[in-house]
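Note sheet for the following structure.
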Amino acid sequence: MEELIRLRHELHRNPELSGQERATGKRIRFFLSRYQPHEFYSNIAGEGMAVVYRGKEPGPTVLFRCEMDALPITEQSDLKYKSNTPGVSHTCGHDGHMAIVSGLAVRFFENPIQKGRVILFYQPSEENGSGAKESIEKLKELDLLPDYAFALHNLPKYKKGSVVLGRYTFSAASKGLIIKLTGRNSHAAFPELGLNPAAATAEIIQHLLALPSSFKYTNFVLVTLIHVKIGEVAFGTSAGSAVIMTTLRAFDNSDMHLLSNNALKTSTQIATKHGLAIETEFTDDFPASVCDPQLTDVIEKIATEQKKEVVYLNEPNRWSEDFAHFTGICPSVIFGLGAGENHPDIHSPNYDFSDELITEGVDLLESIARKITNS
16 MEELIRLRHE
26 LHRNPELSGQ
36 ERATGKRIRF
46 FLSRYQPHEF
56 YSNIAGEGMA
66 VVYRGKEPGP
76 TVLFRCEMDA
86 LPITEQSDLK
96 YKSNTPGVSH
106 TCGHDGHMAI
116 VSGLAVRFFE
126 NPIQKGRVIL
136 FYQPSEENGS
146 GAKESIEKLK
156 ELDLLPDYAF
166 ALHNLPKYKK
176 GSVVLGRYTF
186 SAASKGLIIK
196 LTGRNSHAAF
206 PELGLNPAAA
216 TAEIIQHLLA
226 LPSSFKYTNF
236 VLVTLIHVKI
246 GEVAFGTSAG
256 SAVIMTTLRA
266 FDNSDMHLLS
276 NNALKTSTQI
286 ATKHGLAIET
296 EFTDDFPASV
306 CDPQLTDVIE
316 KIATEQKKEV
326 VYLNEPNRWS
336 EDFAHFTGIC
346 PSVIFGLGAG
356 ENHPDIHSPN
366 YDFSDELITE
376 GVDLLESIAR
386 KITNS
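With the sequence shown counted from 1, adding 15 to any position gets you the numbering used here.
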């Protein structure tokens, strides 16, 4: 336990952003070198790593995924292990998730599984949505695609150590939509000689924000305006271009498909009506995290046996998780581990992962692995 806490503090002290997790990977490799995995693969989707422990008998392959990247947030704390990197911090708890998965290496080294394979997967670039999808392609090349996949995420506002499950979907689908409008500049004294996209921009924004109520969807959908730019800061020039950025969100992947199409159709119709050229682009694409019901039942039973409180979400989390890509390739579950009712929210500058959760998480994941592999 103490060595896992030390590892967590070291990772917390040295956070790295998505795609830059080189030193993080080095620290994890050094820690794992003492626990002699049967196979070790690096450079997966960048700095990602797959650590394999095998049983002597054939059986299923079970993957446990943790995230490696930190956030561009300045930490506000007096911790002895406070972030050394200006403007970057582990304020989502990925340092704790890595410590938990690393704890499995200790357990499986000391008490090996008997059947199948367990893969400890350290995934880069979760926060920008690119890591899981790229990782899956590489895992396929390495013959490391799992039969089952699991991940956990600490959740403030829930009782510490409780297990939080989704009845079907754990977290929402989301994607960014970038809309670029091109008109024609003119002198600000003669705006009629140009083609200013301001009116079209206002109309597009109004219609995009109204999409959730303008069409029929199966479940919750949301459009959030995050950025708008019209023209340049030049008081003698009437604007000739504009950029609109929104985030689309839905609990169901089918609703996300419909919402995306509606957003494109609406924006294009308005731009065309105003005589503007339009370019659109989707980015940061996260599917919904759809959990396997049978595996969810397994986790509930294990949590109950360990005398942990089990809570089912009333509705999916509105935030997104790129572990959702794993739920599309094999039976999978992502679940929550309660961080405490009064614990600061993730992505807040005073957030810190609770060390008490490390053993709780290791116990859960180890039991899941042994149950699935019958080891």
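No residue lacks a Cβ here, since even glycine has one placed at the ideal position from N, Cα and C.
The model shown is predicted, which means the values in this text are computed figures rather than measured ones.
Relative to the C-alpha of residue i, which residue among the options is closest?
| i | options | result |
| --- | --- | --- |
| Ser92 | Ala339, Pro364 and His242 | Pro364 |
| Met260 | His272, Leu380 and Ala278 | Ala278 |
| Ala120 | Leu78, Asp270, Pro359 and Ala286 | Leu78 |
| Phe185 | Lys195, Leu196, His168 and Ile194 | His168 |
| Glu152 | Ala166, Thr388, Gly61 and Phe165 | Gly61 |
| Lys386 | Ile128, His222 and Glu25 | Ile128 |
| Ala318 | Asp270, Asp360, Glu381 and Gln284 | Glu381 |
| Leu26 | Ile115, His53 and Glu247 | Ile115 |
| Asp300 | Cys107, Lys148 and Arg21 | Lys148 |
| Gly40 | Met83, Arg28 and Arg182 | Met83 |
| Thr239 | Ser253, Gly251 and Leu274 | Leu274 |
| Ser253 | Ala213, Gly343 and His289 | Ala213 |
| Gly111 | Ser369, Gly198 and Asp337 | Ser369 |
| Ala187 | Asp337, Ser390 and Arg333 | Arg333 |
| Leu263 | Ser256, Ala257 and Met271 | Met271 |
| Ala15 | Ala164, Ala85 and Gly146 | Because the chain spans 16 through 390 in this model, residue 15 falls outside it and cannot be assessed. |
| Val377 | Thr197, Asp267, Ser117 and Ser256 | Ser117 |
| Asp360 | Thr197, Leu237, Gly146 and Pro171 | Pro171 |
| Pro139 | Gly63, Gly198 and Gly108 | Gly63 |
| Arg122 | Glu90, Leu47, Thr89 and Lys155 | Leu47 |
| His24 | Gly108, Asn268 and Ser335 | Gly108 |
| Ala257 | Thr287, Gln284, Ala215 and Asn268 | Ala215 |
| Glu141 | Glu31, Glu371, Phe297 and Tyr68 | Glu31 |
| Ala166 | Phe338, Lys174 and Pro101 | Phe338 |
| Lys155 | Pro346, Phe341 and Asp367 | Phe341 |
| Val236 | Phe266, Gly70, Ala303 and Lys174 | Phe266 |
| Arg69 | Arg80, Phe45 and Glu54 | Glu54 |
Report the three-state DSSP secondary structure of residue i (helix, strand or coil).
| i | result |
| --- | --- |
| Thr283 | helix |
| Ala187 | coil |
| Arg80 | strand |
| Thr295 | strand |
| Gln138 | strand |
| Phe230 | coil |
| Asp312 | helix |
| His109 | helix |
| Asp300 | strand |
| Phe368 | coil |
| Tyr68 | strand |
| His202 | strand |
| Glu18 | helix |
| Glu324 | coil |
| Ala114 | helix |
| Val133 | strand |
| Ala265 | strand |
| Asn99 | coil |
| Val121 | helix |
| Ser275 | helix |
| Thr319 | helix |
| Leu32 | coil |
| Leu192 | strand |
| Leu26 | helix |
| Leu86 | strand |
| Leu210 | strand |
Between which two residues does the beta strand (DSSP E) holding residue i run?
| i | result |
| --- | --- |
| Val243 | Val236 to Ile245 |
| Ile349 | Ser347 to Gly355 |
| Asn58 | Glu54 to Ile59 |
May I ask which residues mark the beginning and end of the alpha helix (DSSP H) holding residue i?
| i | result |
| --- | --- |
| Gly376 | Glu371 to Thr388 |
| Thr342 | Ala339 to Thr342 |
| Phe45 | Arg37 to Leu47 |
| Ile220 | Ala213 to Leu224 |
Checklist entry - If you pair each beta-carbon of the stretch 84-98 with each one of the stretch 155-172, do three or more pairs fall below 8 Å? => result The way I'd put it, the stretch 84-98 doesn't touch the stretch 155-172; fewer than three beta-carbon pairs between them come closer than 8 Å.
Checklist entry - Taking the runs of the beta strand (DSSP E) that are 3 residues or longer, which of them lie wholly in the stretch 145-182? => result 163-171 and 178-180
Checklist entry - Contact between the stretch 226-238 and the stretch 200-208: three or more CB pairs below 8 Å? => result no
Checklist entry - Between the stretch 350-362 and the stretch 178-192, do at least 3 Cβ pairs fall closer than 8 Å? => result yes
Checklist entry - Pairing CB atoms from the stretch 299-314 with CB atoms from the stretch 193-203, are three or more of them under 8 Å? => result Contact check between the stretch 299-314 and the stretch 193-203: fewer than three CB pairs, one atom from each, fall below 8 Å, which does not count as touching.
Checklist entry - Would you call the stretch 121-140 and the stretch 314-328 touching, i.e. three or more CB-CB distances under 8 Å? => result no
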